[in-house]
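In the working numbering, the protein residues as written are -8 to 515.
Okay, so here's the structure we're looking at.
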């Protein structure tokens, strides 16, 4: 692993005035602030206001007033805002990348990829929103004499709680379809990574989004979350399963819907006929991309006994050769973890595994010489279910290798978890790999890829099963979930019930005969 002394100059775009302008968008009437730091160095970037319950209630009041006008705006005009925004987001991707790196510590390659996500989401829904939101005429119970029309209406104000690992992608991308559907949004980003979504809101307003429609509030989850959920008409959350349960329970008490993308303990199955060089390279990204801080990243790799040593040797060599350091350029393969606290959590998982008998094949230690929250890319062997990292999401650059004897055994191992967010299957025979993928209990399964193919397919819903979540983002339901359905039905002639002295028995005979006829003629 390359070791480079820490000597950083903050990007020219990340000026103190720019950061103060972004932070000033956050309401904070109590005067309390959070010191938002540059992860690479620990230096304070800006003091972020912390929102009180009263601030959050006012944010919703402002958003509701703006939402009434926005919902009344023709859809064509609403979509024009996002056409302009798409160009802005692409043109300023490098500035956003600077912010993402400063606040999260991820390497530049991952940061620039994150900036592309909102533009991809905008582009997809710009082609789908008009069709999805248009009134849809359906048949009524009596052919020709009844009709039913499905009308989509915005829910009102959507509360979004975004995580720190992809603050721009989740904070902005999850808001885009909600806004297109005519809603307002109140976003709570993580304190550690609020800068990039705040800039995203600024760019949307520059593109023509009405001021007040997209609010941002900040604070610790227990302080901010309850008020946000109680004020919202719908909640979108990305984060841990434990927190997701709390949010789902509170949303249920309020009788509002929610979408929860939660934790994972994602497996990778390498079949015997897989291209090993490609699988090894995929596993490097799968475990160490974004320093292992991807909801869909790989923490368990299952290998056929016949190819285990071959894969292990190549994989360890690749991991040891990774360029890990702090830099605002495209050089490093891996950056920092998001905070010292999180680094200590990752270290605790590795220490627990070693204490219980696991072997460290490479890595396994913090790297304070590189920065406050750096941790080495780590590959473990001999991980069991009595270890923290054997069953619990580590969410760091740590992966465990396992052998299997039969494909049935590999599938059983992969499914032996309470989670089901993402999985990866590698094989030369794509048909055989598909058959394995069909047996894996996961909301997303990538064949000969780790996660990007599934997640970047914006036309297909992406969500988790088991304890990995409820609902999905992307696809048609990624927009429709932010709407309520109104059923407007028309009866053109009074034919419901006996007519002209007809007995009810005769009416029933006619009704039942009609049902049979309609089924035979495939009318209803």
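C-beta atoms are modelled at their ideal positions from N, C-alpha and C, and glycine is treated no differently.
task: Output the residue ranges of the alpha helix (DSSP H) runs that lie fully inside the segment 357 to 438 and measure 4 residues or longer, sorted by chain position.
output: 379 to 382, 398 to 406, 421 to 430
Cα-Cα separation between residue 247 and residue 478, rounded to whole angstroms: Against the chain shown, residue 247 aligns to sequence position 256. Against the chain shown, residue 478 aligns to sequence position 487. Those two C-alpha atoms are separated by around 19 Å.
- request: Assign residue 487 to one of three DSSP states: helix, strand, or coil.
  value: Taking the chain shown and counting its residues from 1, the one referred to as residue 487 is at position 496. Looking at residue 487 - three-state DSSP - the assignment turns out to be coil, as it is neither helix nor strand.
task: Taking 8 Å as the threshold, find out whether the segment 293 to 306 comes into contact with the segment 72 to 86 through three or more Cβ pairs.
output: Segments in contact, no.
query: For the segment 148 to 234, which segments carrying the beta strand (DSSP E) assignment without a break, of at least 3 residues, lie completely within its bounds, in sequence order?
result: 148 to 152, 175 to 179, 205 to 207, 225 to 229
message: Relative to the C-alpha of residue 434, which candidate in 8, 428, 422, 412 has its C-alpha closest?
response: Position 443 of the chain shown, counted from the first residue, corresponds to residue 434. It is 412 whose Cα lies nearest to the Cα of residue 434.
field: Touching by the beta-carbon criterion (3+ pairs, under 8 Å), the segment 32 to 44 and the segment 152 to 171
entry: no
- request: May I ask whether a heavy atom of the ligand COA can be found less than 8 Å away from the beta carbon of residue 337?
  value: The ligand COA is not part of this structure, which contains no ligands at all.
message: If you reduce the DSSP assignment to three classes, tell me which class residue 124 lands in.
response: Position 133 of the chain shown holds residue 124. Here residue 124 sits in helix by DSSP.
query: How should residue 386 be labelled, buried or exposed, when 16 other C-beta atoms within 10 angstroms of its C-beta is the threshold for buried?
result: Locating residue 386 in the chain shown gives position 395, where the first residue counts as 1. Counting Cβ neighbours within 10 Å, residue 386 comes out buried, since at least 16 surround it.
query: Any Cβ of chain D within less than 9 Å of the Cβ of residue 264?
result: The displayed structure is made up of one protein chain only, and chain D is not part of it.
field: Under the three-state DSSP convention, the category residue 98 falls into
entry: Your numbering for residue 98 matches position 107 in the chain shown. Three-state DSSP puts residue 98 in coil, outside helix and strand.
- request: Report the rounded CA-to-CA distance for residue 490 versus residue 496, giving the unit in angstroms.
  value: Residue numbering aside, residue 490 sits at position 499 when the chain shown is read from its first letter. Residue numbering aside, residue 496 sits at position 505 when the chain shown is read from its first letter. Computed Cα separation, rounded: 12 Å.
Beta-carbon gap between residue 362 and residue 101 smaller than 9 Å: Counted from its first residue, the chain shown places residue 362 at position 371. Counted from its first residue, the chain shown places residue 101 at position 110. No, they are not a contact pair.
query: Just to confirm, are residue 371 and residue 351 a CB contact at a threshold of 9 Å?
result: Position 380 of the chain shown, counted from the start, is the residue given in the question as residue 371. Position 360 of the chain shown, counted from the start, is the residue given in the question as residue 351. For residue 371 and residue 351, yes; Cβs fall inside 9 Å.
query: Secondary structure at residue 453, three-state DSSP: helix, strand or coil?
result: By 1-based counting over the chain shown, the position of residue 453 is 462. Strand at residue 453.
message: Closer than 8 Å is the cut-off here; do at least three beta carbon pairs connect the segment 414 to 427 with the segment 251 to 262?
response: Touching, per the Cβ criterion.
query: Going by DSSP, which residues form a beta bridge with residue 460?
result: Residue mapping note: residue 460 aligns to position 469 of the chain shown, counting from 1. Answer is 252.
message: Can you find the residues in the same chain that come closer than 6 Å, C-beta to C-beta, to residue 416, ignoring five residues on each side of it along the sequence?
response: Locating residue 416 in the chain shown gives position 425, counting from the first residue. If we look at residue 416 and ignore the five residues flanking it on each side, its Cβ neighbours are 260, 424, 427, 428, 438.
- prompt: What three-state label does DSSP hand residue 47 in the structure shown?
  reply: The residue you call residue 47 lines up with position 56 of the chain shown. Reduced to three states, the DSSP call for residue 47 is helix.
- prompt: residue 58 bridges to which residues according to DSSP?
  reply: Taking the first residue of the chain shown as position 1, residue 58 is located at position 67. In DSSP, residue 58 forms no bridge with anything.
Minimum C-alpha distance to residue 481 - residue among 460, 48, 15, 130: Reading the chain shown from its first residue, position 490 is the one you call residue 481. Looking at the Cα atoms, 130 is the closest of the given residues.
query: Could you give the residue range of the beta strand (DSSP E) that holds residue 480?
result: Reading the chain shown from its first residue, position 489 is the one you call residue 480. 474 to 482 is the span of the beta strand (DSSP E), which, as asked, contains residue 480.
message: Only counting the same chain, and skipping five residues up and downstream in sequence, which positions put a Cβ closer than 6 Å to that of residue 106?
response: Reading the chain shown from its first residue, position 115 is the one you call residue 106. Excluding positions up to five away in sequence, the list reads 84, 87, 88.
query: What residue from 185, 93, 460 has the CA that sits closest to residue 319's CA?
result: Working through the chain shown from its first residue, we reach residue 319 at position 328. Considering only alpha carbons, the answer is 93.
Where residue 6 falls, given that 16 or more other Cβ within 10 Å makes a residue buried: To locate residue 6, count along the chain shown from 1; it is residue 15. Exposed, by the Cβ-count rule.
Segment limits, alpha helix (DSSP H) that includes residue 335: Along the chain shown, read from residue 1 onward, the residue named residue 335 stands at position 344. Where residue 335 is concerned, the enclosing alpha helix (DSSP H) stretches over 331 to 346.
- request: Spell out the partners DSSP gives residue 137 in its beta bridges.
  value: The residue you call residue 137 lines up with position 146 of the chain shown. Bridge partners of residue 137: 482.
message: In the DSSP output, which residue or residues are listed as bridge partners for residue 2?
response: Along the chain shown, one-based indexing puts residue 2 at 11. None; residue 2 has no bridge partner.
- prompt: Using the rule of at least 16 other Cβ atoms within 10 Å of the residue's Cβ for burial, across every protein chain shown, is residue 227 buried or exposed?
  reply: What you label residue 227 is simply residue 236 of the chain shown in a count that begins at 1. Looking at its Cβ environment, which holds 16 or more other Cβ atoms inside 10 Å, residue 227 is buried.
message: Just list the residues that DSSP pairs residue 294 with in beta bridges.
response: Here residue 294 refers to the residue found at position 303 when the chain shown is read from its first residue. DSSP lists 394 as partners of residue 294.
task: For the alpha helix (DSSP H) holding residue 444, just list the boundary residues, first then last.
output: In the chain shown, residue 444 corresponds to position 453, counting from 1. From DSSP, the alpha helix (DSSP H) with residue 444 extends over 443 to 446.
- request: Starting from residue 130, follow its DSSP beta bridges and name the residues at the other end.
  value: Counted from its first residue, the chain shown places residue 130 at position 139. Note: residue 130 is bridge-paired with 138 in the DSSP secondary-structure output.
task: Below 8 Å CB to CB, which residues in the same chain sit around residue 513 once its five sequence neighbours on both sides are set aside?
output: Taking the first residue of the chain shown as 1, we reach residue 513 at position 522. Excluding residues within five positions, none has a Cβ falling inside 8 Å.
query: From residue 310 to residue 324, what does the alpha carbon distance come to, in whole angstroms?
result: The sequence position of residue 310 within the chain shown is 319, counting from 1. The sequence position of residue 324 within the chain shown is 333, counting from 1. About 10 Å.
- prompt: Considering only the beta carbon of each residue, do residue 207 and residue 223 sit closer than 9 Å?
  reply: Locating residue 207 in the chain shown gives position 216, where the first residue counts as 1. Locating residue 223 in the chain shown gives position 232, where the first residue counts as 1. In this structure, residue 223 does not lie closer than 9 Å to residue 207 by Cβ.
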